[in-house]
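Peer 1: Take this structure first; my questions come after.
Chains as they are written, first to last, in the numbering used here: chain B, 75 to 188; chain U, -16 to 96.
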């Protein structure tokens, strides 16, 4: 079984500030981990993914995430927030075998103020 | 353009009526998925299909049905047995195994009144 916990349903930052969105996972087997972004009334777009190569993963739009096995975490960061980063962000986990499906967290809404 | 097309974008139905949401992909992906999204609940898996003519129940399959007669198509029927069908529905697809990216359509809003 696998699960994802995203701490904070809403996170507010000022433009130019550090963005930190937290994700902790539970998995009985080595995981693959994903971050997706969703803008209002749209589908999800992949930001980045961890598939057991480098533990620090760089994605689109300046985002990155670090896989920490000891902490079972995969937090998403961006050094400087832009207004266009305002969206909902989802962390997801799957096992690293076969054709397993994704399990999503409940999402974190990122609010960016001028 | 390659991608996943969901239709309609907005759909209104009366309680007790079945409704079918369309999902078509031209990515040549083997696997297709249906998720339901409710505010504050994240995405929950309804059904998925790894190959044509085969599909499996996800976490919340009750009140839903699917078919996979063609590789590119995976329609979802929301039946009258679904207790609370008003939601945002997302179709997705993936080629190959777990580490590959799942791609999403733009979603369909279903409102049942």
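Where a beta carbon is used, it is the ideal one built from N, C-alpha and C, also for glycine.
#1: When we look at the beta-carbon of residue 162 of chain B and count the other beta-carbons within 10 Å, is it buried (16 or more) or exposed?
#2: Enumerate in chain order the residues of its own chain whose CB-to-CB distance from residue 78 of chain U is below 8 Å, with the five nearest sequence positions on each side excluded.
#3: Can you find the residues in the same chain that come closer than 6 Å, C-beta to C-beta, to residue 190 of chain B, ignoring five residues on each side of it along the sequence?
#4: With DSSP run on the structure shown, which of helix, strand or coil describes residue 154 of chain B?
#5: Using a Cβ cut-off of 7 Å, pull out every chain B residue sitting near residue 85 of chain U, in sequence order please.
#6: Which residues mark the beginning and the end of the beta strand (DSSP E) in which residue 84 of chain B is found?
#7: Mind checking who residue 69 of chain U pairs with in its DSSP beta bridge?
#8: Could you check where the beta strand (DSSP E) with residue 98 of chain B kicks off and where it finishes?
#9: Starting from residue 89 of chain U, find everything on chain B with Cβ-Cβ shorter than 9 Å and list it in chain order.
#10: Report the option in B:171, B:186, B:84 whose CA atom is closest to the CA atom of residue 22 of chain U.
#11: Would you kindly work out how many angstroms separate the C-alpha atoms of residue 50 of chain U and residue 90 of chain B, rounded to a whole number?
#12: Using C-beta distances below 6 Å, list every residue in its chain close to residue 154 of chain B, excluding the 5 sequence neighbours before and after it, in chain order.
#13: Within the present structure, is the beta-carbon of residue 153 of chain B separated from the nearest heavy atom of the ligand SAM by less than 7 Å?
Peer 2: Let me lay it out:
#1: buried
#2: 10, 11, 12, 13, 14
#3: Nothing about residue 190 of chain B can be read from this structure; chain B reaches only from 75 to 188.
#4: coil
#5: 176
#6: 84 to 88
#7: In the DSSP output, where bridge partners are listed per residue, residue 69 of chain U has none listed.
#8: 93 to 101
#9: 115, 116, 117
#10: B:84
#11: 48 Å
#12: 90
#13: The ligand SAM is absent from the structure shown, which contains no ligand whatsoever.
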